[in-house]
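Quick mapping for you: the protein sequence lines, in order, are chains A and B. Residue 129 in this note's numbering sits at position 26 of the first sequence; the count goes up by one each step and never skips. Residue 15 in this note's numbering sits at position 32 of the second sequence; the count goes up by one each step and never skips. The block underneath contains the structure these notes are about, expressed in structure tokens.
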Amino acid sequence: MSKRKRIVVVGHGMVGHRFVQAAVERGLTETHDIVVIGEEPRPAYDRVALTSFFSVESAEELSLLPGGQYDDPRVRLVLDTAVTGIDRKDQVLTLVSPPPTPSGVELEDPGTVSELEYDVLVMATGAAPFVPPVPGKDLRNVFVYRTIEDLEAIREASQTAKAGVVIGGGLLGLEAANALHQLGVETHVVELAPRLMAVQVDDAGGATLKRHIENLGLSVHTGVMTELIDGDDDGIVSGLKFKDVEEPLEVQMVVFSAGIRPRDALARECDLPVAERGGILVDEQCRTADPHVFAIGECAAPDGRMYGLVAPGYSMAEVVVDALLEGPGTFTGADMSTKLKLLGVDVASFGDAFATTDGALELVYSDAVAGVYKKLVVSEDGKRLLGGILVGDASAYASLRPLVSSGIALPDNPEELILPASRGGVQLGMPDEAQVCSCNDVTKGQIKEAVAEGGEHSCEDVACVKKCTKAGSTCGSCVPIVKNIIEEHFASIGKVVDKGLCEHFRLTRQELFDLVSVHGYRRFDDIVEAHGTGRGCDICKPAIASILASQFNGHVLAQETAALQDTNDAYLANIQRNGTYSVVPRIPGGEITPDKLIVIGEVARDFGLYTKITGGQRIDLFGARMEQLPAIWKRLVDAGFESGHAYGKALRTVKSCVGSTWCRYGVQDSVGLAIALELRYRGLRSPHKLKGGVSGCARECAEARGKDFGVIATEKGWNLYVGGNGGAVPAHARLLAGDLDTETLVRYLDRFLMYYIRTADRLQRTAAWIEQLDGGLDRVKEVVVDDALGLGAELEAAMARHVDSYFDEWKATIEDPEKMARFVSFVNAPDVPDPAIAFTTERDQIKPADPDGAVSLGSTIPVGAPGLVTAGDAR
Amino acid sequence: MSETYQVVCPVDDLEVERGVTALVHGQAVAIFRTHDGEVFALGNHDPFAKASVLSRGIVGTRGGVPFVASPMHKHAFDLRTGRCLDDDTVTVPVFEVRVEDGMVHIGGRKQKVA
Ligand code: SRM
Ligand SMILES: Cc1cc2nc3c(=O)[nH]c(=O)nc-3n(C[C@H](O)[C@H](O)[C@H](O)COP(=O)(O)OP(=O)(O)OC[C@H]3O[C@@H](n4cnc5c(N)ncnc54)[C@H](O)[C@@H]3O)c2cc1C
Ligand code: SF4
Ligand code: FES
């Protein structure tokens, strides 16, 4: 057998990574070893989502290879190392680690130089931002926008800069401007061309976009040329001067986003041909002039043209894997369609957006008041869609773009496609060959295959289709259409996607919530009679109990609702494996006085309970018999404790760190805020349990981002994160809004929590709820921060009602003889403790005795197999 | 043994669709009153969780069958037969019930269930 061959990949970016993934998946590593050399200090990450680095805060979340290594042992990843030379004759590379600085400044330590042989070389070196030779470009606080390190530096500078300017009003420039704006810097955008996004949109679209952006408080300067960047005595940016304009802009930071250049220097040095405008020249198989060398991604120029998007790069990666497996794949150009949300404004451009095709016609819909501009480019006969531009509302993008590539005939009045729905917009059927996801080249047919019954995947939802076909997993813009296709498919085979709660209600929790609110129902009986069947069950009863509690905040053990409660709510305590209960008094924010600590100790000692510090910064007392609960709580209530709702689908804890009161790093009073929030939301019944956290600084000792709502102190106020949880499927909370004052923070939280309570499914925590909302976190931001639905005041009022009507349910219980009557071991022998409960001891505390051991079941039941009488026996 | 009935409590003390536990002939019995006024008695011991808890479960109907869901892991038991609706090889004991003069009487274990 011949020796295994070695493929070396230069560059571990998005495309290099995709190449390795495809190589492993398609079995190339059966015959080849792969070595990947990456210059950046970390494995490939999602550069397309680079801007979200500011909200994720841990770079890990952007990683495309979170484990740091490939599972396949035949792939070796070498990071923090650059390829500095290629010897094509001997097929040897020169490597330097750590990589030399780009500016060419001599390092004290020139790094370790080594050599590596290759059989096949794949160049995936990407592109570098283009910085025009403007005087002052080497001053401090001048940045580009390409890597995580760039963004770290920008964030650092934003803490002191008052104003900043982005040079370049293209797609990336606007994204950078968005980032500066969100970092709280007064932002200017400078563009040489007469309009923004000159490559993607036309004059009218650009003007609409400009208005949107100016409304947000950014300044846009189009048609101006930058003459120089001014610096102060310390060599830091102090201003920007335009040509033919007297007044300079006062800015303390500059971000260049004036285009990109393929990183083809290595290829030039070893005499590989490059395209006229840059990029390593390759053929349809992405092979360079040297048959052992390929180039893919942004560094490559197939047919002389480079592509600054990730999807074409991914196709090139697949093509090279195919070529190495001797397959027929070729790369023949790519769809350059774009859809994005810039500063909250939808912008999409696809196909022949500028109507360059002979005889092409343009159909325009524009609504200056709403800031919407839509243009369709259709063929001369009006039968085929060639391209289009959408600004302000790009919801039609997902259904329009596939029409371009598939060439389906348009309806008779194609303008209907861009009219607002109320004016007769139509939905289009598309053929199976139509490409739905352009990032991952997935067709409608492939999605239908994934959902086909008895097929390989048998998917039932978007999440599964995403996993199995990759559709929707990159930029996400195709997700709405993927969802439609799935629904259409199930409708076509007559399968009703049942979203009903259980056999008693064909309604979702949200629908029930609305019914209760509209009709003002207070009793399960009325609801089930009017809208359900049967007498309910362990699914719908607690769900309705929770809805009633969220809306009316009565006592959960009140006459009308007592029988609906889950066992824990029914006894206001958590049931344990042996039928005893645990007791968890509220300890807001985890702060407790020595006197109260002593009370807990005394109560535990006097009732013989097991004590443990919980994961929620409080103390749990275990092993209470049901009939002991009132006496235990009497003692606790008298000492000033309240229910901790550990038993309820309700607010549990708001965890805190010591914060600025004690900690040398703390910048705000995190304990004070945690206590205030825990007291505000205590007793709030919700679809699932709710947890919060407040950290005093970015070190995040309170693990706030592991909670449904997390607050992290900043120098300027509070950052609010939502949608985190631990448990089996951990989720990190994501930024909802930054640098808030306390009042705004509470307002947003009120809205967020009430919005969740109203619309989430039963037992759906905030992370899963946000995930399934149409529009995800952006939607939540629209509703909570921008108040797009105009619901803000109503949600706040609902929360105010809750806060005003709060009472301690344990105190109310021990004061009410009727409720207390429930807490007896036996109705006919209230003084006899249940003999089935027994304890042993371990480490000086009680624990449940082994259930197979000393359980007395009384004399009349055949002992031996307690209860395990089979159906047959019973007959 | 099963001939002797024992009086446990006034039927009015039984809340609709909530259980109580009674000590009958020395053992724990779960007693339920359903929406239509019928009274049922099952052994209180949940054979899956091996704990004496059934009386604390939620009562409802499944396909018309009155049942209680164990509070521990939600196994459902038919109130009329004691059969587990999730695993029909498992049954809990069912007891004779009579309501006389407004009082609930619990008898011996049912020999024959429907
Ligand atoms: C007592 C405690 C463990 C301990 O000894 O520390 C505990 C105990 C239970 N947890 Fe927990 N969890 C406890 C902290 C946590 C934490 C840590 C935290 O809150 O910071 C987590 C991860 C954070 C989170 O919730 O996201 C946690 C994630 C869970 C989950 C998974 C939730 C999820 O969304 O995936 C469950 C299962 C569920 O709720 O469906 C669960 C469920 C339970 C239940 C209620 C299971 C049950 O039904 O019996 C346990 C009974 C509590 C009791 O008092 O009898 N517990 N549990 C902790 C009580 C905290 C408190 O003071 O209230
Ligand atoms: C802010 C931002 C937003 C974007 N948004 C979108 C979008 O919405 N849609 C879209 O399609 N595209 C978008 N892009 C473009 C997209 O990120 C690129 O098309 C994609 O990353 C190209 O992948 P690549 O692997 O070719 O290059 P890269 O991801 O840049 O990877 C190249 C890697 O090679 C390394 N390297 C270079 N030279 C060497 C060497 N000599 N030795 C070792 N390693 C080396 C580099 O350090 C880098 O890590 C965006 C880009 C940015 C910066
Ligand atoms: S999060 Fe910050 S303030 Fe809080 S304890 Fe940790 S380091 Fe201190
Ligand atoms: S089009 Fe980008 S993920 Fe589908």
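Every residue gets a Cβ at the ideal spot worked out from N, C-alpha and C, and that includes glycine.
Could you compute how far the alpha carbon of residue i sits from the alpha carbon of residue j?
| i | j | result |
| --- | --- | --- |
| A:T683 | A:Y713 | 12 Å |
| A:K477 | B:D69 | 57 Å |
| A:G491 | A:V481 | 9 Å |
| A:V323 | A:V293 | 6 Å |
| A:Y430 | A:V582 | For the sequence presented, residue 430 of chain A should be read as Gly rather than Tyr. Going by the C-alpha atoms only, they are around 31 Å apart. |
| A:V225 | A:F397 | 5 Å |
| A:G979 | A:L283 | With chain A covering 104 to 978 only, the question about residue 979 of chain A has no answer from this structure. |
| A:N671 | A:G827 | 24 Å |
| A:H135 | A:F122 | 13 Å |
| A:E552 | A:A473 | 40 Å |
| A:D564 | A:T311 | 36 Å |
| A:V761 | A:S685 | 27 Å |
| A:M356 | A:K884 | 28 Å |
| A:L352 | A:G575 | 42 Å |
| A:E806 | A:K792 | 17 Å |
| A:Q948 | A:D853 | 42 Å |
Let me make sure I understand the geometry here. Which of the options has the alpha-carbon closest to that of residue i?
| i | options | result |
| --- | --- | --- |
| B:G40 | A:A666, A:A915, A:D335, A:V475 | A:A666 |
| A:I363 | A:E350, A:G381, A:C373 | A:G381 |
| A:R179 | A:S155, A:E218, A:V139, A:P201 | A:V139 |
| A:T943 | A:W765, A:F929, A:A952 | A:A952 |
| A:L479 | A:A458, A:A473, A:S498 | A:A458 |
| B:G65 | B:S38, B:E(-2), B:H8 | B:S38 |
| A:Q538 | A:R258, A:L493, A:I588 | A:I588 |
| A:V825 | A:G557, A:G813, A:P833, A:V832 | A:G813 |
| A:V554 | A:C567, A:V545, A:G287, A:T546 | A:C567 |
| A:R981 | A:G704, A:K737, A:R708 | Residue coverage of chain A in this structure runs from 104 to 978, which leaves residue 981 of chain A outside it and unanswerable. |
For residue i, report the span of its alpha helix (DSSP H) as first-last.
| i | result |
| --- | --- |
| A:L898 | 895 to 908 |
| A:L848 | 845 to 862 |
| A:P505 | 500 to 509 |
| A:V159 | 156 to 159 |
| A:C571 | 565 to 572 |
| A:T134 | Per DSSP, A:T134 belongs to no alpha helix (DSSP H) and is neither H nor E. |
| A:T916 | 912 to 917 |
Using the rule of at least 16 other Cβ atoms within 10 Å of the residue's Cβ for burial, across every protein chain shown, is residue i buried or exposed?
| i | result |
| --- | --- |
| A:D305 | buried |
| A:H622 | exposed |
| B:F23 | buried |
| A:Q124 | buried |
| A:I701 | exposed |
| A:T916 | buried |
| A:E745 | buried |
| A:R767 | exposed |
| A:H395 | exposed |
| A:A633 | exposed |
| A:R371 | exposed |
| A:E401 | buried |
| B:K129 | For residue 129 of chain B there is no data in the structure shown, the boundaries of chain B being -16 and 97. |
Kindly indicate if chain D contains any beta-carbon less than 9 Å away from that of residue i.
| i | result |
| --- | --- |
| B:A24 | No chain D appears in this structure, whose protein chains are A and B. |
List the endpoints of the continuous beta strand (DSSP E) containing residue i.
| i | result |
| --- | --- |
| A:Y684 | 684 to 686 |
| A:H291 | 289 to 294 |
| A:L876 | Careful: A:L876 lies outside any beta strand (DSSP E) and carries neither H nor E. |
| A:L224 | 223 to 226 |
| A:T187 | 185 to 190 |
| A:Q654 | Note, A:Q654: premise wrong, no beta strand (DSSP E); alpha helix (DSSP H) at 643 to 655. |
Next on the checklist: Ignoring anything shorter than 4 residues, give me the alpha helix (DSSP H) runs that lie fully in the segment 708 to 759 of chain A, in order along the chain.
Outcome noted: If one requires a minimum length of 4 residues, the alpha helix (DSSP H) runs lying completely within the segment 708 to 759 of chain A are 732 to 741, in chain order.
Checklist entry - Which runs of the beta strand (DSSP E) spanning at least 3 residues fall entirely within the segment 232 to 272 of chain A, listed in chain order? => result Runs of the beta strand (DSSP E) inside the segment 232 to 272 of chain A: 245 to 247, 266 to 270.
Next on the checklist: Just to confirm the assignment: which complete alpha helix (DSSP H) runs, minimum length 4, are found wholly within the segment 403 to 429 of chain A?
Outcome noted: Runs of the alpha helix (DSSP H) lying entirely within the segment 403 to 429 of chain A, each at least 4 residues long, are 413 to 427 in chain order.
Item to check | Whole beta strand (DSSP E) elements within the segment 6 to 91 of chain B, 3-residue minimum | outcome: 10 to 16, 22 to 26, 41 to 45, 48 to 52, 59 to 61, 77 to 83, all fully within the segment 6 to 91 of chain B.
Checklist entry - Quick one: complete beta strand (DSSP E) runs, 3+ long, within the segment 330 to 369 of chain A? => result Listed in chain order, the complete beta strand (DSSP E) runs (minimum 3 residues) inside the segment 330 to 369 of chain A are 340 to 345, 356 to 359, 363 to 365.
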